[in-house]
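A.B. asks:
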Amino acid sequence: APPAASRVPPPFHPHSPPPPPPPNPVDLEPGDILVCYTDGLVERRGESIDEGIHRLCQLVTPDHPEGVCARIMADLVGNSTPDDDVALLVLRRTE
Numbered sequence: 001a002p003p004a005a006s007r008v009p010p011p012f013h014p015h016s017p018p019p020p021p022p023p024n025p026v027d028l029e030p031g032d033i034l035v036c037y038t039d040g041l042v043e044r045r046g047e048s049i050d051e052g053i054h055r056l057c058q059l060v061t062p063d064h065p066e067g068v069c070a071r072i073m074a075d076l077v078g079n080s081t082p083d084d085d086v087a088l089l090v091l092r093r094t095e
């Protein structure tokens with residue numbers, strides 16, 4: 001058997017990264033759309049982030065993901081220069 005000291009987990013250090021959260025699987029049915037984005041897409045100065053998320057949700061439709069991305073980017077970013085990074089990924093389950 002290994003020595004007792006090798007079975008003890010290392011102590012938690014306050015500057016250590018937190019442990020990863022447990023997996024939280026999501027079942028997507030055919031036709032479901034998953035939208036992943038960074039906060040720069042929905043955050044605006046002087047406005048609640050909930051307003052930005054609501055605006056984003058209004059733009060998500062069951063269309064082809066490329067069209068959904070184009071519509072979201074045109075409406076939420078347009079020709080402006082964002083204050084923060086913006087990333088957007090739209091996936092649609094087909095089968």
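Per the UniProt record's numbering, the sequence shown starts with residue 1, numbered consecutively. Beta carbons: idealized from backbone N, C-alpha and C, even for Gly.
1) If you follow the alpha helix (DSSP H) that L88 is in, where does it begin and where does it stop?
2) In whole angstroms, give me the CA-to-CA distance for L34 and P65.
3) Output the distance between the C-alpha atoms of A70 and P14, rounded to the nearest integer angstrom.
4) Going by C-alpha distance, which of E95, C57, L91 and V86 is nearest L41?
5) Once DSSP output is grouped into helix, strand and coil, what is the label at V60?
C.D. replies: Working from what's here:
1) Mapped onto the sequence shown, residue 88 falls at position 88. Per DSSP, L88 belongs to no alpha helix (DSSP H); it is in the beta strand (DSSP E), L88 to R92.
2) The residue given as residue 34 occupies position 34 in the sequence shown. The residue given as residue 65 occupies position 65 in the sequence shown. Between L34 and P65, the C-alpha separation is close to 9 Å.
3) On the sequence shown, position 70 is the one that residue 70 refers to. On the sequence shown, position 14 is the one that residue 14 refers to. The alpha-carbon atoms of A70 and P14 are separated by roughly 43 Å.
4) For the purposes of this step, residue 41 is identified with residue 41 of the sequence shown, where counting begins at 1. It is V86.
5) As a first step, residue 60 is located in the sequence shown; it is residue number 60 there, counting from the start. If DSSP states are grouped into helix, strand and coil, V60 belongs with coil.
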